[in-house]
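There are 2 protein chains.
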Amino acid sequence: MDAVVGFGFTRVTYSVPASRAILERANIAELLAQDEETKDADVYGWVRSLRKQKKIAFAAIGDGSTLDPLQAVLKPGDAAQLSTGVAVKLSGTWQASLGGKQSHELQVETIKLLGENDAEHNPLQPKYQTPEYLRTIPHLRPRIPANALLLRLRSQVIAVLTQFFFSEGFVQTHTPILTSSDCEGAGEVFTVSSNATKDSVQTAKPEKDAQVEHFFRTPKYLTVSAQLHLEALAQSVDKVWTLSPTFRAEKSDTPRHLSEFYMLEAELCFIEGIEDVMSVIEKMLMAVAHTLGTSPLGAELLRARETPAKNAEGGEDEVGASVLMRRWAAMATGGWPRITYHEAIELLQQATVDGKASFTFAPTFEKGLQAEHERYIAATVGEGWRPVFVTDYPSAQKPFYMSPSLSTTNSSGTEGTVACFDLLVPDLCELVGGSMREHRSAELLQAMEAKGVASGSLDWYQDLRKYGSVSHGGFGLGFDRLLCYLSGVNSVRDVVAFPRWHGRCDC
Amino acid sequence: MDAVVGFGFTRVTYSVPASRAILERANIAELLAQDEETKDADVYGWVRSLRKQKKIAFAAIGDGSTLDPLQAVLKPGDAAQLSTGVAVKLSGTWQASLGGKQSHELQVETIKLLGENDAEHNPLQPKYQTPEYLRTIPHLRPRIPANALLLRLRSQVIAVLTQFFFSEGFVQTHTPILTSSDCEGAGEVFTVSSNATKDSVQTAKPEKDAQVEHFFRTPKYLTVSAQLHLEALAQSVDKVWTLSPTFRAEKSDTPRHLSEFYMLEAELCFIEGIEDVMSVIEKMLMAVAHTLGTSPLGAELLRARETPAKNAEGGEDEVGASVLMRRWAAMATGGWPRITYHEAIELLQQATVDGKASFTFAPTFEKGLQAEHERYIAATVGEGWRPVFVTDYPSAQKPFYMSPSLSTTNSSGTEGTVACFDLLVPDLCELVGGSMREHRSAELLQAMEAKGVASGSLDWYQDLRKYGSVSHGGFGLGFDRLLCYLSGVNSVRDVVAFPRWHGRCDC
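Going down the list, the protein sequences come from chains A and B. When you read off a place in the first sequence, starting at 1, and then add 855, the result is the number in this note's numbering. When you read off a place in the second sequence, starting at 1, and then add 855, the result is the number in this note's numbering.
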């Protein structure tokens, strides 16, 4: 297991009977780090590959704890019973290797096969298989070492974030998945029902009046954001966060969108402006990047990217180790550039005039930033590698709940801006979005009416402004996108174990 | 912020500009712990109560960081602008108190009101309000200090669990919420759709053929358990866990059931039997209880229970501090009794014969353990306070995926038992359930057929047995129930911020 350097995670020791040794069993990562010769070493894992020679055979064993296989040396006769993918317990002597590829190897004395393995018909074969094909077998895909590494990356980033927020006095909360309201006031939502029996739905014969009687009296939706509920909880304990699943029923088919995805959201009270929110994000991502840059897991990620594949996905090249290192370094450093939306538009317009850039969509205050614009900002303001905060967007482009900017920088004077920001990172563009929330009841109601948001189901949200209201703000970070960015994986479909998107929810 | 004693959580320090001081601002818990006189102290919080005298006024200020209010001393004229519940920034001198109730108090020099507050019409009033009423205002309820404490309890337990599993080499995963399969092969599930537009559902006029065209091609459900997906991931990285929302569309109306609830689930490969799984649970809960018993938050929980309310909920008395302490001590100690189902039934039958107990339902091998039986086992085998593992239930009472017991202890010989267990705790009964999983493909298929589980949507689950199959097992813990047990709260509806149950999903 990788240590999270600098975050004070330590192995807890308990006084438990010897019979409970299951958690003390060394995994392959730990064995590989062990230099001492050991007579009675036990190795549990799956056979990744086999190489049989006349007088000797080699098996590469993996258990998902590291990219590196453990080399097991066998008699050819013993190796006959093995096949690629089979689970085994190998016992023998852990000793210095004669070959040059690894420092140590296991001289196998006994082999125990632990379960069935039809290597021939396994949909997962030990050869190159395209990402598109692998997505059709998500239940087998994580057995590929690079995919197991992505599972461990997710786990480690969650641990660091939990540690970060706990240390900083934030309360981790569980906001509801089933909701009555649609936070953004837009976008397609999934509806939830239980009135039809399972069978009747499966055969596509809905019961008569099936939509009329609801389990919860009125129709409910899968949440599109935890924000509104987090705001309520922030008025209880000031600083709150959650890492929860959110849902969009959009029929988009891009490497950046899923129907089910994890959002990291946080809210803080008693703050004066978005500067405070942005500083939390900066510190949080610094902590994450710092850990990657200093942990064994980070080193594994770099090794996995030493020879990036060309045109791995829809013409996009894989990101190499040097790009990853630059991303982490920029993230770990902090002090990221901050420019206003208006400054950004002016910059883009000036670049067009100067002939430094040409865009398919001409940059205007009204039409908003297109992906090509964001890329240009990342390349120039962010010098091609640093994250960039773009702040104070026109309110017309943003949801009802955002506060007006404290000091508007809208030099064109045509409309107001709101106290919000997007964090843009190179290649991926928007990673985080946040704002101050309108905490005045009359102004909130007015904004809801102006945006055509039905107030009925949000009466409770209005209450937050009537009773003990306080200035507050927060943000949402696309967690799966963050993992893409940190690992150099091009599609969120490959950092999520069982990805769901339009038409795809198989296992 | 409470420290998690013994778990190595430490405050991370960064070199950030002074303008980013938001996270360094002391909360009220930290201020109350400060003995030094401070001239320019700033206090941010909500006014909990006001006491005005002729020459002096007192305000109790809270921010959710502790049960204890901070006492602010004001001039009566200044206090006039304050009302219960209003958010304020108070500045003044933090100094030794003249009164006896607190060691220090804030001599207020300036008051800043931070937002609106209609104290008179606030549905949350500073007087006793029943739990049933408070559940109708979940967006305001956590402002009660005891409810804020429950939010902090959830956060701290999550942090300890994250730390525990990380240290023990488990990989934290995000299993899908939208699924094709119903894990237990029984129980009501929620169905998910997006084909009807939001408006058409709200007005209860479903589109024609609305059920026929599905967003995901076939109908999908909200997950009832992460187990099956966890099993797939365990075959990648050996030891996995998740803390995820799960859903049941049951119309049950009890203090132990919700329609949306959090389950902590884990799976381990390369293990030989349920002893290994039970030892993980024991160590995990020991870690949680140890933290409560040694942290400031634990002390607060005890203080909140010093004078438990009688008949607080449907005739059930609240649990007092001494009961809580006993629960934590039993949980922190480990070495809990383990008996088989058959031993349990024999014990119950013998108790009936001996006249030590009388049950409404006669205990028999076939009919299973009723709540009254579980209570008797907890009271006798668990001596009234220790958790008890009951193992090896008849397979007829359990789902298709459980392995047969290794050495059956079924002395009656009428049917086989499975390698499973329930962890019973006093008062609450079942807290955890787990088993070894059938990892042989023919036997699994046979069990599915015998239990009438449709195999079509579970082909992928069968694959796990065909390719690299390995002995494994795991468990599921009702996370909200655990919080009830640890805090002495009688209903899961009161430890979940926005509880959903049949007919209730308001905010």
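Built from N, CA and C at the ideal position, the CB exists for glycine as well.
| query | Using 9 Å as the limit for Cβ to Cβ distance, is residue 958 of chain A near chain B? | reply | By this cut-off, residue 958 of chain A is not an interface position.
| said: Counting only Cβ-Cβ distances shorter than 9 Å, please list the residues of the region 949–979 of chain B near chain A, keeping chain order. | reply: Against chain A - using a Cβ distance shorter than 9 Å - the residues of the region 949–979 of chain B are 969, 970, 971, 972, 973, 974, 976, 977, 978 and 979.
| How would you list, in chain order, the residues of chain A whose beta-carbon sits under 9 Å from the beta-carbon of residue 1241 of chain B? | Taking the beta carbon of residue 1241 of chain B as reference, no residue of chain A falls within 9 Å; the closest one sits roughly 16 Å away.
| task | Reducing DSSP to helix, strand and coil, say where residue 1138 of chain A ends up. | result | Three-state DSSP puts residue 1138 of chain A in a helix.
| task | Name the residue from B/946, B/1184 and B/1194 whose alpha carbon lies nearest to the alpha carbon of residue 1144 of chain B. | result | When only C-alpha atoms are compared, the closest one is B/1184.
| task | Report yes or no: do three or more beta-carbon pairs, one from the region 1353–1360 of chain A and one from the region 1097–1109 of chain A, lie closer than 8 Å? | result | Result yes; three or more Cβ-Cβ pairs closer than 8 Å.
| field | For residue 1129 of chain A and residue 1246 of chain A, believed in contact at Cβ under 8 Å, the rounded distance | value | By a beta-carbon distance limit of 8 Å, residue 1246 of chain A contacts residue 1129 of chain A. Their separation comes to about 6 Å.
| query | For residue 1321 of chain B, which residues in chain A fall below 7 Å Cβ to Cβ? | reply | Near residue 1321 of chain B (Cβ distances below 7 Å), the residues of chain A are 971 and 973.
| field | Option in A/886, A/1177 and A/1046 with minimal Cα separation from residue 961 of chain A | value | Nearest C-alpha to residue 961 of chain A: A/886.
| Hey, does residue 916 of chain B have any beta-carbon neighbour from chain A nearer than 9 Å? | Chain A, which has no Cβ nearer than 9 Å to the Cβ of residue 916 of chain B, makes this no.
| task | Go through its chain and collect everything with a Cβ distance to residue 1343 of chain A's Cβ below 7 Å, but skip five positions before and after it. | result | The residues 1160, 1173, 1174, 1178 and 1179, in chain order, have a CB closer than 7 Å to that of residue 1343 of chain A in the same chain once the five nearest residues on each side in sequence are set aside.
| Neighbourhood of residue 1187 of chain B by C-beta, 7 Å cutoff - its chain only, sequence neighbours within 5 removed | Cβ within range, chain order: 1141, 1144, 1145 and 1148.
| Is the beta carbon of residue 1286 of chain A less than 9 Å from the beta carbon of residue 1242 of chain A? | Residue 1286 of chain A places its beta carbon less than 9 Å from that of residue 1242 of chain A.
| Considering only C-alpha positions, which residue in the set A/1043, A/917 and A/1001 is nearest to residue 1157 of chain A? | Distances from the alpha-carbon of residue 1157 of chain A to those of A/1043, A/917 and A/1001 put A/1001 closest.
| Within the chosen definition, does the region 1316–1332 of chain A reach the region 970–986 of chain B through at least 3 CB pairs nearer than 8 Å? | Under the Cβ criterion (8 Å, minimum of three pairs), the region 1316–1332 of chain A counts as touching the region 970–986 of chain B.
| task | Alpha carbon to alpha carbon, how far is residue 990 of chain A from residue 1208 of chain A? Give it in angstroms, no decimals. | result | If I take the Cα positions, the gap works out to 45 Å.
| said: Only counting the same chain, and skipping five residues up and downstream in sequence, which positions put a Cβ closer than 8 Å to that of residue 1296 of chain B? | reply: Around residue 1296 of chain B: 1317, 1320, 1321 and 1324.
| Using the C-alpha atoms, what's the distance from residue 1292 of chain B back to residue 1226 of chain A? | Straight-line Cα distance between these residues: approximately 48 Å.
| request: Give the straight-line distance between the Cα atoms of residue 1276 of chain A and residue 1341 of chain B, rounded to the nearest whole angstrom. | output: A direct Cα-to-Cα measurement between residue 1276 of chain A and residue 1341 of chain B gives close to 41 Å.
| task | Give the range of the alpha helix (DSSP H) segment to which residue 883 of chain B is assigned. | result | Per DSSP, residue 883 of chain B belongs to the alpha helix (DSSP H) from 883–887.
| query | Are residue 1006 of chain A and residue 1347 of chain A closer than 9 Å when you measure CB to CB? | reply | The answer is no: Cβ separation not under 9 Å.
| task | Alpha carbon to alpha carbon, how far is residue 1248 of chain A from residue 1195 of chain A? Give it in angstroms, no decimals. | result | Approximately 7 Å, taken between the alpha carbons.
| Comparing the C-beta of residue 865 of chain B with each C-beta of chain A, is any distance below 9 Å? | Below a pLDDT of 50, predicted positions are generally treated as unreliable, and residue 865 of chain B, at 36, falls in that range; the measurement from the model is reported next regardless. Judged by the 9 Å Cβ criterion, residue 865 of chain B is in contact with chain A.
| What span of residues does the beta strand (DSSP E) with residue 1046 of chain B cover, start to end? | 1046–1048 is the extent of the beta strand (DSSP E) around residue 1046 of chain B.
| task | Report the option in B/1033, B/1024, B/986 and B/1049 whose CA atom is closest to the CA atom of residue 1351 of chain B. | result | Considering only alpha carbons, the answer is B/986.
| According to the Cβ coordinates, are residue 1043 of chain B and residue 1032 of chain A closer than 9 Å? | No. Outside cutoff.
| field | the region 1009–1021 of chain B in contact with the region 1011–1018 of chain A per 3-pair CB rule at 8 Å | value | With the cut-off at 8 Å, the region 1009–1021 of chain B and the region 1011–1018 of chain A touch.
| First and last residue of the uninterrupted alpha helix (DSSP H) at residue 1294 of chain B | Where residue 1294 of chain B is concerned, there is no enclosing alpha helix (DSSP H), given that its DSSP letter is neither H nor E.
| message | Looking at chain A, is there any beta carbon in it that lies within less than 9 Å of the beta carbon of residue 1011 of chain B? | response | So yes, residue 1011 of chain B belongs to the interface.
| message | Distance check for residue 1189 of chain B and residue 1190 of chain A, CA to CA, integer angstroms please. | response | Answer to the nearest angstrom: the Cα atoms are 48 Å apart.
| request: Thinking residue 1327 of chain B and residue 1089 of chain B are a contact (beta carbons under 8 Å), I'd like their distance in whole angstroms, please. | output: In this structure, residue 1327 of chain B and residue 1089 of chain B form a Cβ contact; the two beta carbons are roughly 6 Å apart against a cut-off of 8 Å.
| field | Residue span of the alpha helix (DSSP H) that contains residue 1252 of chain B, given as start and end | value | Where residue 1252 of chain B is concerned, there is no enclosing alpha helix (DSSP H), because DSSP gives it neither an H nor an E.
| query | How long is the line joining the alpha carbons of residue 1335 of chain B and residue 1029 of chain A, rounded to whole angstroms? | reply | Roughly 10 Å between the two C-alpha positions.
| task | Starting from the C-beta of residue 1230 of chain A, find all residues in its chain whose C-beta is less than 6 Å away, skip the five residues before and the five after it, and write them out in chain order. | result | Contacts found: none.
| Thinking C-beta only, is residue 1118 of chain B closer than 9 Å to residue 1289 of chain B? | In this structure, residue 1118 of chain B does not lie closer than 9 Å to residue 1289 of chain B by Cβ.
| task | Please state whether DSSP places residue 1029 of chain A in a helix, a strand or coil. | result | In the structure shown, residue 1029 of chain A sits in coil (DSSP, three-state: anything other than H, G, I, E or B).
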